[in-house]
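> Heads up: the sequence lines are chains A and B, in that order.
Quick note on full-length UniProt numbering: the first sequence kicks off at 1 and runs consecutively.
Quick note on full-length UniProt numbering: the second sequence kicks off at 1 and runs consecutively.
There's a structure below that I have some questions on.
Number of protein chains: 2
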Amino acid sequence: MPRPRHTAIREQIEGLILSGVLKPGDRVPSEQELVAEHGVARMTVSRALSDLVAAGLVVRRRKAGSFVAAPPSEEKLLGVPDMRETLPGHAHAVLKRAVRVASGADRARLGALPKGARVLALLVRHDSQGVPAAMEDRLVSLDAVPEAAGESFVEAPPGTWLLERVPWTEAEHRIRAAAADTGMAAMLGMAAGAPCLVMERRTWRGDQPVTAARITWPGDRHEVTVRSSRGPLRG
Amino acid sequence: MPRPRHTAIREQIEGLILSGVLKPGDRVPSEQELVAEHGVARMTVSRALSDLVAAGLVVRRRKAGSFVAAPPSEEKLLGVPDMRETLPGHAHAVLKRAVRVASGADRARLGALPKGARVLALLVRHDSQGVPAAMEDRLVSLDAVPEAAGESFVEAPPGTWLLERVPWTEAEHRIRAAAADTGMAAMLGMAAGAPCLVMERRTWRGDQPVTAARITWPGDRHEVTVRSSRGPLRG
DNA sequence: AAGTGGTCTAGACCACGCG
DNA sequence: GCGTGGTCTAGACCACTTC
Chain A
1 MPRPRHTAIR EQIEGLILSG VLKPGDRVPS EQELVAEHGV ARMTVSRALS DLVAAGLVVR
61 RRKAGSFVAA PPSEEKLLGV PDMRETLPGH AHAVLKRAVR VASGADRARL GALPKGARVL
121 ALLVRHDSQG VPAAMEDRLV SLDAVPEAAG ESFVEAPPGT WLLERVPWTE AEHRIRAAAA
181 DTGMAAMLGM AAGAPCLVME RRTWRGDQPV TAARITWPGD RHEVTVRSSR GPLRG
Chain B
1 MPRPRHTAIR EQIEGLILSG VLKPGDRVPS EQELVAEHGV ARMTVSRALS DLVAAGLVVR
61 RRKAGSFVAA PPSEEKLLGV PDMRETLPGH AHAVLKRAVR VASGADRARL GALPKGARVL
121 ALLVRHDSQG VPAAMEDRLV SLDAVPEAAG ESFVEAPPGT WLLERVPWTE AEHRIRAAAA
181 DTGMAAMLGM AAGAPCLVME RRTWRGDQPV TAARITWPGD RHEVTVRSSR GPLRG
């Protein structure tokens, strides 16, 4: 069986979700509909849908149907929650905002982009109770998220905004410690040379790069936590 | 169906693995044997075994049978691979080694331990090509891993040794940046006050704490990377 | 009440790979 | 070759939840 039929059915729906045709909350076909469409037994489509549940792409509710799942919160992505949720009294300010054709450096950060692709570059300061808490330096691929070009990110910071809209399949985080340079120290209200936690996060939708963010926290004011368990089981 | 039968079957085998009755590489009953034992259809036990594959506890090979999976490498646990694999020319030295009744501080680090439980405390320096690369400060619960009491950790460093022997189900990592104090700076051959990456890792087997490690790297010589993808699918 | 998913059965055929 | 797992079928009964 080179191509299990449940795999084909799963991938078809997966494609609809990852391509954005089906958005979070949208209904996906019921088992009966899929049985009729593909001419297979119900257990076969049930397996396809169960696998999508295990992948976190779909949630199923009896009587209601199956729906595209909301993307996992940044909280679950890593222990770097939505800034708005962890930082008490969170506020943010967009310091720079530019749309440009991706430079070589942009392509190095974001990954393989087509020549001439446009990106949105953002510099955001996050405050907690009036005190600077983190700097966020972010690139967004406008190929992947064209609607970001018209967004001001005044209401929701870019991380939150993106996670609400763009399904991702792969994420990479690189975390290191670095001494604050004078510019960073000034923006974060700390001594130059003091330790900072620097996280670079990149996310993809399939093979397509979505966004790359470098977030810098004063070392003594933040901690990243990652929890893992062996294997989420199916629903 | 308050208790699906495939769940009961899965949990029975899960228990054998997590309790250590079945060790990595051991054979688990074949589908036929489980069918006979539980009096269910083959698809039902197949589902139980598939779920164990998804959880990473079991691997299945046609004709050969199903086997307890090798625990994921530290590499996969987080991007903090086995020191021996990433650090070129790795060597390690056990600087301190003590068995003691868990102190209050030990219990705080390791989590809920019975009163009077004994722990193994280790201080290990990791070198790369003769240069100090990281310090490891570790506690091991001797309730969870009694055989650690008689181990010298000369051949394999404790992280490697533990991962080869103890199946874990939960892991937590906390990562922060800190300035090196004078003692740490001296041991790692760096300037006092320079940024360090500090990772605290704790692992559990079920509810039982297994080990807690605090690993400190010079900030400019190491980076932690975490890769996640949405949902491993079943095998 | 009716539609949906969750589970289960008792078969079946096939692919793979160890012996 | 033959035991194992991988997939699939065409039914079935039940639980849950919305309608």
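Heads up, the beta-carbon is just placed ideally off N, CA and C, and yes, glycines get one too.
The structure presented is a predicted model; accordingly, all values stated were derived computationally and were not measured.
Should the region 60-74 of chain A be called in touch with the region 94-101 of chain A, which here means at least 3 C-beta pairs below 8 Å?
With a cut-off of 8 Å, the region 94-101 of chain A and the region 60-74 of chain A do not count as touching, because too few Cβ pairs lie within range.
> Within the continuous beta strand (DSSP E) that includes A:R100, where are the two ends?
The residue given as residue 100 of chain A occupies position 100 in the first sequence. Here the beta strand (DSSP E) through A:R100 covers H90 to V101.
> For A:L188, would you say it is in contact with chain B, using Cβ-to-Cβ distances shorter than 8 Å as the test?
By 1-based counting over the first sequence, the position of residue 188 of chain A is 188. No, because no Cβ of chain B sits closer than 8 Å to the Cβ of A:L188.
> State buried or exposed for B:A144, treating a residue as buried only when at least 16 other CB atoms are found within 10 Å of its CB.
Locating residue 144 of chain B in the second sequence gives position 144, where the first residue counts as 1. Buried.
> In whole angstroms, what is the alpha-carbon distance linking B:R205 and B:E223?
Sequence index remark: in the second sequence, residue 205 of chain B carries index 205 (1-based). Sequence index remark: in the second sequence, residue 223 of chain B carries index 223 (1-based). Approximately 27 Å between the Cα atoms of the pair.
> Among residues of its own chain, excluding the 5 on either side of A:R47, which ones have a beta-carbon nearer than 6 Å to its beta-carbon?
In the first sequence, residue 47 of chain A corresponds to position 47, counting from 1. Cβ neighbours of A:R47 beyond the five flanking positions: H6.
> Since A:S229 meets chain B, which of its residues come closer than 8 Å, beta carbon to beta carbon?
As a working mapping, residue 229 of chain A is identified with position 229 in the first sequence. Within 8 Å Cβ-Cβ: T169, E170 and A171.
> Roughly how many angstroms lie between the CA atoms of B:S66 and A:H90, to the nearest whole one?
Your numbering for residue 66 of chain B matches position 66 in the second sequence. Your numbering for residue 90 of chain A matches position 90 in the first sequence. Taking the straight line from one Cα to the other gives about 51 Å.
> Using C-beta distances below 8 Å, list every residue in its chain close to B:L95, excluding the 5 sequence neighbours before and after it, in chain order.
The residue you call residue 95 of chain B lines up with position 95 of the second sequence. Correct list, in chain order: L123, V124 and R125.
> Which word fits A:R27, buried or exposed, when buried means at least 16 other C-beta atoms lie within 10 angstroms of its C-beta?
The residue you call residue 27 of chain A lines up with position 27 of the first sequence. Label assigned to A:R27: exposed.
> Considering only residues of the region 114-156 of chain A, which uninterrupted alpha helix (DSSP H) runs meet the minimum length of 4 residues and lie entirely inside it, listed in chain order?
If we require 4 residues or more, the region 114-156 of chain A turns out to have no alpha helix (DSSP H) run fully inside it.
> From B:I13 to B:L34, what distance separates their C-alpha atoms?
One-based indexing of the second sequence puts residue 13 of chain B at position 13. One-based indexing of the second sequence puts residue 34 of chain B at position 34. For B:I13 and B:L34, the distance between alpha carbons rounds to 10 Å.
> Can the beta-carbon of B:C196 be found closer than 8 Å to that of B:G219?
As a position in the second sequence, residue 196 of chain B is number 196, starting the count at 1. As a position in the second sequence, residue 219 of chain B is number 219, starting the count at 1. Closer than 8 Å, so yes.
> Compute the Euclidean distance between the alpha carbons of A:A108 and A:V119, then round it to the nearest angstrom.
Here residue 108 of chain A corresponds to residue number 108 of the first sequence, with the count starting at 1. Here residue 119 of chain A corresponds to residue number 119 of the first sequence, with the count starting at 1. If I take the Cα positions, the gap works out to 13 Å.
> Give the residues of chain B in contact with A:E223, contact being defined as C-beta atoms less than 8 Å apart.
What you label residue 223 of chain A is simply residue 223 of the first sequence in a count that begins at 1. What A:E223 touches in chain B: R174, I175 and R176.
> By DSSP's criteria, A:H173 is part of a beta bridge. Which residues make up the other side?
As a position in the first sequence, residue 173 of chain A is number 173, starting the count at 1. Partner(s): A:R201 and B:V226.
> Going by beta-carbon coordinates alone, are B:D137 and B:R214 separated by less than 8 Å?
The sequence position of residue 137 of chain B within the second sequence is 137, counting from 1. The sequence position of residue 214 of chain B within the second sequence is 214, counting from 1. Yes, the pair counts as a contact, with Cβ atoms nearer than the cut-off.
> Taking only runs of the alpha helix (DSSP H) that begin and end inside the region 34-71 of chain B, which ones reach a length of at least 4 residues, in chain order?
As far as the region 34-71 of chain B is concerned, its whole alpha helix (DSSP H) runs of at least 4 residues are 42-54.
> Select from the region 201-221 of chain B all residues with a C-beta closer than 7 Å to any C-beta belonging to chain A, and list them in chain order.
Cβ contacts with chain A: G219.
> Can you give me, in chain order, the residues of the region 42-59 of chain A that have a beta carbon less than 9 Å from any beta carbon in chain B?
Result list: M43, R47, S50, D51, L52, V53, A54, A55, G56 and L57.
> What did DSSP end up calling B:A191 once you bin it into helix, strand or coil?
One-based indexing of the second sequence puts residue 191 of chain B at position 191. Coil.
> Residue range of the beta strand (DSSP E) that B:R3 falls in?
Residue numbering aside, residue 3 of chain B sits at position 3 when the second sequence is read from its first letter. Where B:R3 is concerned, there is no enclosing beta strand (DSSP E), given that its DSSP letter is neither H nor E.
> Give the interface partners of B:A179 over in chain A, defined as CB-CB distance under 8 Å, in chain order.
The residue labelled residue 179 of chain B in the question sits at position 179 within the second sequence. Under the 8 Å cutoff, chain A gives A194, P195 and G219.
> Could you pull the DSSP bridge partners for B:A179 from this structure?
Walking along the second sequence from the start, residue 179 of chain B turns up at place 179. In DSSP, B:A179 forms a bridge with B:P195.
> Can you tell me which of B:L142, B:M135 and B:R202 puts its alpha carbon nearest to the alpha carbon of B:P114?
The residue labelled residue 114 of chain B in the question sits at position 114 within the second sequence. Closest by alpha carbon: B:L142.
> Exposed or buried, which one is A:V198 when buried takes at least 16 other CB atoms within 10 Å?
What you label residue 198 of chain A is simply residue 198 of the first sequence in a count that begins at 1. A:V198 is buried by the Cβ-count criterion.
> Measuring CB atoms only, is the region 177-195 of chain B touching the region 174-187 of chain A, in the sense that at least three cross pairs come out at less than 8 Å?
Yes, the region 177-195 of chain B touches the region 174-187 of chain A.
> Who are the near neighbours of A:R201 in its chain, counting only those whose CB is closer than 6 Å to its CB and skipping five residues on each side?
Within the first sequence, residue 201 of chain A is the residue found at index 201, counting from 1. Cβ neighbours of A:R201 beyond the five flanking positions: H173 and A213.
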